[in-house]
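For the working numbering, add 254 to where a residue sits in the sequence shown, where the first one is 1.
Note that CB positions come from ideal geometry on N, CA and C, so glycine has one too.
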Amino acid sequence: MIDFSEQGKKLPVELLQTLIKMAPTTDEELKLRLYTGDHSELGLAERFLKALLDIPFAFQRLDALLFMASVPEEVSTATESFSTLEDSQDLKAWFSEARTTTSAPDARATDQGCIIESSDAFNTSGFRSSPLASGN
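Here it is in structure tokens:
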């Protein structure tokens with residue numbers, strides 16, 4: 255027996271998935287619906303499925319419950335993805351702003367917050383680093 259009092263009387267997603275996987279084939283469903291013998295002669299699983307089949311649209315209802323149970327997680331995942339996209343857009347805007355505030359025509363913004371200018375007079379790699387508008 256499952257106690258749902260702690261879970262707000264909601265069926266766990268795993269239980270819903272398991273019940274949906276138990277859905278009988280069309281042939282099995284037809285045999286169970288047409289069975290008129292003594293129910294005690296059926297196995298436990300068959301009795302359970304026969305009882306479920308007596309509920310109108312039982313497996314469609316389970317599908318709907320599973321969907322409703324998964325919506326909060328899906329919304330959370332989508333919200334997290336949108337937040338990541340917004341953060342990347344903010345970062346892209348910051349880099350664009352950093353590029354436009356420098357006077358060097360060949361400047362590139364880096365994630366360390368400085369401008370790298372191309373020059374062959376300063377070091378062997380041909381680059382010189384200068385701070386971004388920090389005044390240092």
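(request) Run the CB neighbour count on ASP365, radius 10 Å, all protein chains shown included, and call it buried at 16 or more, exposed below. (result) Low local confidence applies: a pLDDT of 48 at ASP365 is under 50, so the model's placement there is unreliable, with the coordinate-based value given in what follows. ASP365 counts as exposed, since fewer than 16 other beta carbons sit within 10 angstroms of its beta carbon.
(request) Kindly indicate which residue of LEU345, ALA323, ALA312, VAL325 has the alpha-carbon position closest to the one of GLU283. (result) For the residues LEU345, ALA323, ALA312, VAL325, the minimum Cα distance to GLU283 belongs to ALA312.
(message) Can you look up ALA299 in the DSSP assignment and give me helix, strand or coil?
(response) Correct three-state label for ALA299: helix.
(request) Return the CA-CA distance between GLY344 and VAL325, expressed in angstroms with no decimal places. (result) Rather than Gly, the amino acid found at residue 344 in this sequence is Asp. Roughly 28 Å separates the two Cα atoms.
(message) Using C-beta distances below 6 Å, list every residue in its chain close to THR272, excluding the 5 sequence neighbours before and after it, in chain order.
(response) Within the same chain, THR272 has no close Cβ partners at all.
(message) Under DSSP, the alpha helix (DSSP H) around MET276 begins and ends at which residues?
(response) Per DSSP, MET276 belongs to no alpha helix (DSSP H) and is neither H nor E.
(request) Output the distance between the C-alpha atoms of LYS264 and ILE274, rounded to the nearest integer angstrom. (result) Their backbone Cα atoms lie some 16 Å apart in a straight line.
(message) Quick test of your reading: LEU303 and MET276, contact by CB under 8 Å. State the CB separation rounded to the nearest angstrom.
(response) MET276 and LEU303 do touch by the CB rule: their CB atoms are close to 7 Å apart, below 8 Å.
(message) Just to confirm before moving on: does the CB-CB distance between LEU307 and LEU286 stay below 8 Å?
(response) Yes, these two residues count as a Cβ contact at 8 Å.
(message) So, with DSSP's three-state summary, where would you put PRO326?
(response) Assignment of PRO326 by DSSP, reduced to helix, strand and coil, places it in the helix class.
(request) Report yes if the CB atom of LEU320 is closer than 8 Å to the CB atom of VAL267, and no otherwise. (result) Yes.
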